[in-house]
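K.L.:
In order, the protein sequences belong to chains A and B.
Sequential numbering of the first sequence, starting at 1, is according to the numbering used here.
Sequential numbering of the second sequence, starting at 1, is according to the numbering used here.
Virtual Cβ for every residue (Gly too), placed ideally from N, Cα, C.
2 protein chains.
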Amino acid sequence: MVELIIKKRNGLELSKEEYASIIDGFISGDIPDYQISAFLMAVYFKGLTSAETANLTDVMMRSGELIDLSEIKGIKVDKHSTGGVGDKTTLVLAPLVAAAGVPVAKMSGRGLGHTGGTLDKLESIKGLSVDMSRQEFIDKIKSHNIAICGQNANLVPADKKLYALRDVTGTVDNMSLISSSIMSKKLACGADAIVIDIKVGHGAFMKTLKEAEELAQTMIGIGSKMNRKVIAVITSMSEPLGYAVGNALEVQEAIDTLKGNGPEDLTELCLELGSHMLVLGQVAKSYDEGVDILKGLIKSGKAFDKFVEFVEAQGGDIKMVNQTELLPNAKFSYAYKSKEAGYINDLNALDIGLASVKLGAGRETKESALDYGAGIILKKKIGDYVNKEEVLAMLYSNNDITFARATEFMDLAYQMSQEKPLEKPLILKTVM
Amino acid sequence: MVELIIKKRNGLELSKEEYASIIDGFISGDIPDYQISAFLMAVYFKGLTSAETANLTDVMMRSGELIDLSEIKGIKVDKHSTGGVGDKTTLVLAPLVAAAGVPVAKMSGRGLGHTGGTLDKLESIKGLSVDMSRQEFIDKIKSHNIAICGQNANLVPADKKLYALRDVTGTVDNMSLISSSIMSKKLACGADAIVIDIKVGHGAFMKTLKEAEELAQTMIGIGSKMNRKVIAVITSMSEPLGYAVGNALEVQEAIDTLKGNGPEDLTELCLELGSHMLVLGQVAKSYDEGVDILKGLIKSGKAFDKFVEFVEAQGGDIKMVNQTELLPNAKFSYAYKSKEAGYINDLNALDIGLASVKLGAGRETKESALDYGAGIILKKKIGDYVNKEEVLAMLYSNNDITFARATEFMDLAYQMSQEKPLEKPLILKTVM
């Protein structure tokens, strides 16, 4: 192993067999963590070639279970988001795209920090279960064209172990390592094609457009070497997506969006990502045709119907979906008001996420219980004018002593100015 | 710790307190090896400033016992060599410099690989012991101006642990880490001033003059920040020093040198290093005066007398020193002959070292027993002309089946040419 460390340290390319021996040795414990972490730091400085990145991805992918979706007809298109505050895109996109005829076989993780993940949001619907056998998962997709389940512990174990080590050794920030982590999981889940939503800005992993473009190219490079089509959409994350942040609150907003009454930014993003998925799934011939199909499914009610069908198939209480006032709610609310008049110049998504965690909507530790009804409904976003004492956001929690802590983060989140800020586009760039 | 790793990874300077927390945490086990190795790899790429190098040295030095030599009058000048095959300099220099009036308080390690270390060579003299209490060590120096003892396990434990980790994580080759490792040990041993012999060439740690100069400057920088005078002498290690390689064989050659009958290169090096030690110890006013003093001590017999005094003080059998034919010898000898006529163009010190290990003169593992009589006497060195079948070297061992393995390395060591090679100087540069 020390020879492989020195080889990478000196900027040389390692072979697929060498990556296989590193990952195998790491998982078996034959190679100690201190050698892997030194190797990772050498990778941080010397980078990986595109061949190395693809080989590492392939080796990682094969470290655990490989989901075989070949029983399911059609091109399985997965979507991945690098994550962001208020991102309920999956809740909208999965039924929307399934309704269009693209099979949706979605495996999701749970959220830690910011707000809950997709699974947490779904579980705010009473009875809905994301635990199922592989065969149940496949059968549900065959019957309903959609299923969403939790990730098995045996899915890419190399990534879990490697990420844990990267996290404590200052070796997270490397495009090849980030890309191989994401792509190995998507590919192990059986995706034939992948649409990646790369967020840029506050509260997002990528801070600049340049970094996001580099990440996009790296993932497309892995796809091309592994014979999988990948489209990357780079989107702005300068403020939270939509108005709702919190589990049941986001389910409500997703339903609104599926019915055609959702926030403009969330709707735009879902049409953008969804249309690319339809093109990759060969259900639409062009991006424009894809958008038209999706708009039609929303208008006709078929998108929402598919959501109801999905919830029922996974054991969820469809009354909650049809009458959203039955979704978990919060005993207490707090109107967070502006301290001054002016335009909202900045709305830091990370601070909003942290405020929602304080309210109980996200986990502070792995063991934290979620308050499904807790969260934030933003009333004003970037570019809006507010008067002094006007409500900026409504905070919800089942524990009213959380408001004091949450408002500290709200104070940090909102920045005012006397001039109206320039409007920024949501979709920054599509890379394919 | 992850913040400190990222700080160094991003090329920032760490404070002395930060180095103290890293080294303390490493020794206590609070900081796991995988974080230290990632940090070391970041150091490999980003380097340390001279302030950081001195701070790391200081913190390492304080990780264990600090030898207090203040009871001993005079300026304690230590010598360090980066090591090399056939380097018996300490055996000559210590009594030579002690005879001139500079107190010699020498702590040495044992050798692993190549040939034995200074302690192993001394122990080939029957009865001589290098194990003694701190007070015995100091008392011997007060009485005889010289003592040589083994390094305590508690001397700079941070270095032992750190070096073991560097060795298996590809992070050995960094001037700051190499320098802090050497200097922390010398300073913990109580040296007021230090002469460093940096070997360059085959079988030496530094492969180029440029690297050696960089190492010299780094060590002088540490000294200047820690208020200790350091002189570095860069010497060629293109072939073994002197003619003898092996424990008792090297003692014999050291005695010859102390009596004025030693090999030219060994004598030159001892006068060079010794004179700098006399200047640093304020026994000589100039380098030239130092050389004159040392030559006088050799000529008058006082240098050899000091050696005998030293051997007796440490329990050694002085009969062996006065009649060197009583030193351990080997039952078997083998005349290694030239396969062709020509000039010796290259004599690889590393291969000679490995040949001597095969003969029993060095340790292959920590547990190996040494054959004190085993080793090699070179008969021809670089620039010498030899006829076919002329003896190049005599091999000695108490186990004659070792000759076959040893000659394989001898074949690799000697390179012949038909043209006489250019003469290369031994002393390449003095940096102070």
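Quick one: which unbroken beta strand (DSSP E) runs of 3-plus residues sit fully inside the region 77–153 of chain A? Chain order, please.
P.N.:
Runs of the beta strand (DSSP E) inside the region 77–153 of chain A: 77–81, 104–108, 146–150.
K.L.:
For the beta strand (DSSP E) containing D197 (chain B), list its first residue and its last residue.
P.N.:
Start at 1 with the first residue of the second sequence, and residue 197 (chain B) comes out as number 197. Here the beta strand (DSSP E) through D197 (chain B) covers 193–200.
K.L.:
Can you tell me the Cβ-Cβ gap for I234 (chain B) and L428 (chain B), rounded? I've got them flagged as a contact below 8 Å.
P.N.:
Indexing the second sequence from 1 puts residue 234 (chain B) at position 234. Indexing the second sequence from 1 puts residue 428 (chain B) at position 428. Confirmed, Cβ separation roughly 5 Å.
K.L.:
Can you tell me which of A:D30, A:S236, A:E71 puts its alpha carbon nearest to the alpha carbon of N348 (chain A)?
P.N.:
For the purposes of this step, residue 348 (chain A) is identified with residue 348 of the first sequence, where counting begins at 1. It is A:S236 whose Cα lies nearest to the Cα of N348 (chain A).
K.L.:
Helix, strand or coil for Y19 (chain B)? Go by DSSP, reduced to three states.
P.N.:
In the second sequence, the residue the question calls residue 19 (chain B) occupies position 19. In the structure shown, Y19 (chain B) sits in a helix (DSSP, three-state: H, G or I).
K.L.:
Taking the alpha helix (DSSP H) that F310 (chain B) belongs to, which residues open and close that run?
P.N.:
The count along the second sequence starts at 1 and reaches residue 310 (chain B) at position 310. It spans 302–313 - the alpha helix (DSSP H) in which F310 (chain B) sits, taken as one unbroken run.
K.L.:
Between A38 (chain A) and chain B, is any beta-carbon pair separated by less than 8 Å?
P.N.:
Within the first sequence, residue 38 (chain A) is the residue found at index 38, counting from 1. Chain B, which has a Cβ nearer than 8 Å to the Cβ of A38 (chain A), makes this yes.
K.L.:
Using a C-beta to C-beta distance shorter than 9 Å, which residues of chain B count as neighbours of F45 (chain A)?
P.N.:
Looking up residue 45 (chain A) in the first sequence gives position 45. Here the neighbours are R9, M41, A42, Y44, F45, K46.
K.L.:
Quick check: is the beta carbon of Y34 (chain B) nearer than 8 Å to any beta carbon in chain A?
P.N.:
Here residue 34 (chain B) is taken as the residue at index 34 of the second sequence, counted from 1. Closer than 8 Å to some Cβ of chain A, the Cβ of Y34 (chain B) qualifies, so yes.
K.L.:
Under 8 Å: do the region 333–344 of chain A and the region 137–145 of chain A share three or more Cβ pairs, one atom per stretch?
P.N.:
In short, these stretches do not touch, since the Cβ pair count stays below three.
K.L.:
Quick one: what does DSSP say L327 (chain A) is sitting in, helix, strand or coil?
P.N.:
Position 327 of the first sequence, counted from the first residue, corresponds to residue 327 (chain A). It is coil, neither helix nor strand.
K.L.:
Report, in whole angstroms, the separation of the C-beta atoms of L266 (chain A) and V97 (chain A), which I expect to be a contact under 8 Å.
P.N.:
On the first sequence, residue 266 (chain A) is found 266 positions in, with the first residue counted as 1. On the first sequence, residue 97 (chain A) is found 97 positions in, with the first residue counted as 1. With a Cβ gap of about 15 Å, L266 (chain A) and V97 (chain A) do not count as contacting.
K.L.:
How many Å lie between E408 (chain B) and A355 (chain B) at the Cα?
P.N.:
Counting from one through the second sequence, the residue named residue 408 (chain B) turns up at place 408. Counting from one through the second sequence, the residue named residue 355 (chain B) turns up at place 355. If you take the alpha carbons of E408 (chain B) and A355 (chain B), they lie about 8 Å apart.
K.L.:
Tell me, please, whether the region 257–273 of chain A touches the region 220–229 of chain A by the rule of three or more beta-carbon pairs shorter than 8 Å.
P.N.:
Short answer: they don't touch.
K.L.:
Give the secondary structure of T430 (chain A) by DSSP, where H, G and I count as helix, E and B as strand, and everything else as coil.
P.N.:
The residue given as residue 430 (chain A) occupies position 430 in the first sequence. Residue state, collapsed to three classes: strand.
K.L.:
When the Cβ atoms of the region 245–252 of chain B are set against those of the region 373–388 of chain B, are three or more pairs found closer than 8 Å?
P.N.:
Touching, yes.
K.L.:
Mapping the DSSP letters down to three states, classify Y44 (chain A) as helix, strand or coil.
P.N.:
Taking the first sequence and counting its residues from 1, the one referred to as residue 44 (chain A) is at position 44. Residue state, collapsed to three classes: helix.
K.L.:
Taking T208 (chain B) as the query, report the chain A residues whose CB atoms sit under 7 Å from its CB, ordered along the chain.
P.N.:
By one-based count along the second sequence, residue 208 (chain B) stands at place 208. Ordered by position in chain A, no residue passes the 7 Å Cβ test against T208 (chain B), which lies about 16 Å from the chain.
K.L.:
In the structure shown, what three-state DSSP assignment does M206 (chain A) receive?
P.N.:
Stepping through the first sequence from its first residue, residue 206 (chain A) is reached at position 206. M206 (chain A): strand per DSSP, three-state reduction.
K.L.:
If you run the structure through DSSP and keep just helix, strand and coil, what is V357 (chain B)?
P.N.:
Indexing the second sequence from 1 puts residue 357 (chain B) at position 357. DSSP places V357 (chain B) in helix when its eight states are reduced to three.
K.L.:
For P421 (chain B) and T430 (chain B), what's the separation of their Cα atoms in angstroms?
P.N.:
Here residue 421 (chain B) corresponds to residue number 421 of the second sequence, with the count starting at 1. Here residue 430 (chain B) corresponds to residue number 430 of the second sequence, with the count starting at 1. Computed Cα separation, rounded: 25 Å.
K.L.:
Under the rule that 16 or more other beta-carbon atoms within 10 Å means buried, what is K340 (chain A), buried or exposed?
P.N.:
On the first sequence, position 340 is the one that residue 340 (chain A) refers to. The question names Lys, but residue 340 (chain A) is Glu in the sequence shown. Under this definition E340 (chain A) is an exposed residue.
K.L.:
In the DSSP assignment, the alpha helix (DSSP H) including D167 (chain B) goes from what residue to what residue?
P.N.:
For this step, residue 167 (chain B) is matched to residue 167 along the second sequence. Its alpha helix (DSSP H) spans residues 157–167.
K.L.:
Determine the contact status of K229 (chain B) and A99 (chain B), defining contact as a CB-CB distance below 8 Å.
P.N.:
Your numbering for residue 229 (chain B) matches position 229 in the second sequence. Your numbering for residue 99 (chain B) matches position 99 in the second sequence. No, they are not a contact pair.
K.L.:
Can you say whether A425 (chain B) is buried or exposed, counting buried as having 16 or more other CB atoms within 10 angstroms of its CB?
P.N.:
Locating residue 425 (chain B) in the second sequence gives position 425, counting from the first residue. Residue 425 (chain B) is actually Pro in this sequence, not Ala. Looking at its Cβ environment, which holds fewer than 16 other Cβ atoms inside 10 Å, P425 (chain B) is exposed.
K.L.:
Look at the Cβ atom of A94 (chain B), then the Cβ atom of I5 (chain B), and state whether they are nearer than 8 Å.
P.N.:
Mapped onto the second sequence, residue 94 (chain B) falls at position 94. Mapped onto the second sequence, residue 5 (chain B) falls at position 5. Contact flag unset, no.
K.L.:
Taking only beta-carbon positions, decide if L177 (chain B) is within less than 8 Å of chain A.
P.N.:
On the second sequence, position 177 is the one that residue 177 (chain B) refers to. No, L177 (chain B) does not count as interfacial toward chain A.
K.L.:
Listing by chain order, which chain B residues have their CB less than 7 Å from the CB of I22 (chain A)?
P.N.:
In the first sequence, the residue the question calls residue 22 (chain A) occupies position 22. None at all; the shortest Cβ gap to chain B is about 13 Å.
K.L.:
Listed from N- to C-terminal order along the chain, which residues in the region 53–84 of chain B have their beta-carbon within a distance smaller than 8 Å of any beta-carbon of chain A?
P.N.:
For the region 53–84 of chain B, which is checked against every Cβ of chain A, not one residue is closer than 8 Å.
K.L.:
Name the chain A residues that come within less than 7 Å of L165 (chain B), Cβ to Cβ?
P.N.:
As a position in the second sequence, residue 165 (chain B) is number 165, starting the count at 1. What L165 (chain B) touches in chain A: Y34.
K.L.:
Kindly list, in the order they appear in chain A, the residues whose Cβ is closer than 8 Å to that of A6 (chain B).
P.N.:
Taking the second sequence and counting its residues from 1, one reaches residue 6 (chain B) at position 6. This sequence places Ile at residue 6 (chain B); Ala is not what is there. Neighbours of I6 (chain B) on chain A, chain order: G170.
K.L.:
Below 8 Å on the Cβ atoms is my guess for M41 (chain A) versus A38 (chain B); work out the distance and round it to an integer in Å.
P.N.:
On the first sequence, position 41 is the one that residue 41 (chain A) refers to. On the second sequence, position 38 is the one that residue 38 (chain B) refers to. That pair is a contact at about 5 Å.
K.L.:
Can you check whether the C-beta of V311 (chain B) is within less than 8 Å of a C-beta belonging to chain A?
P.N.:
The count along the second sequence starts at 1 and reaches residue 311 (chain B) at position 311. Answer no: the Cβ-Cβ gap between V311 (chain B) and chain A never drops below 8 Å.
K.L.:
With DSSP as the reference, label I382 (chain B) as helix, strand or coil.
P.N.:
For the purposes of this step, residue 382 (chain B) is identified with residue 382 of the second sequence, where counting begins at 1. I382 (chain B) falls in the coil class under three-state DSSP.
K.L.:
Applying a beta-carbon distance threshold of less than 9 Å, which residues of chain A neighbour V2 (chain B)?
P.N.:
On the second sequence, position 2 is the one that residue 2 (chain B) refers to. The contacting residues are D167, V168, T169, G170.
K.L.:
Going by the CB atoms, is the gap between L241 (chain B) and G117 (chain B) shorter than 8 Å?
P.N.:
As a first step, residue 117 (chain B) is located in the second sequence; it is residue number 117 there, counting from the start. As a first step, residue 241 (chain B) is located in the second sequence; it is residue number 241 there, counting from the start. In this structure, L241 (chain B) does not lie closer than 8 Å to G117 (chain B) by Cβ.
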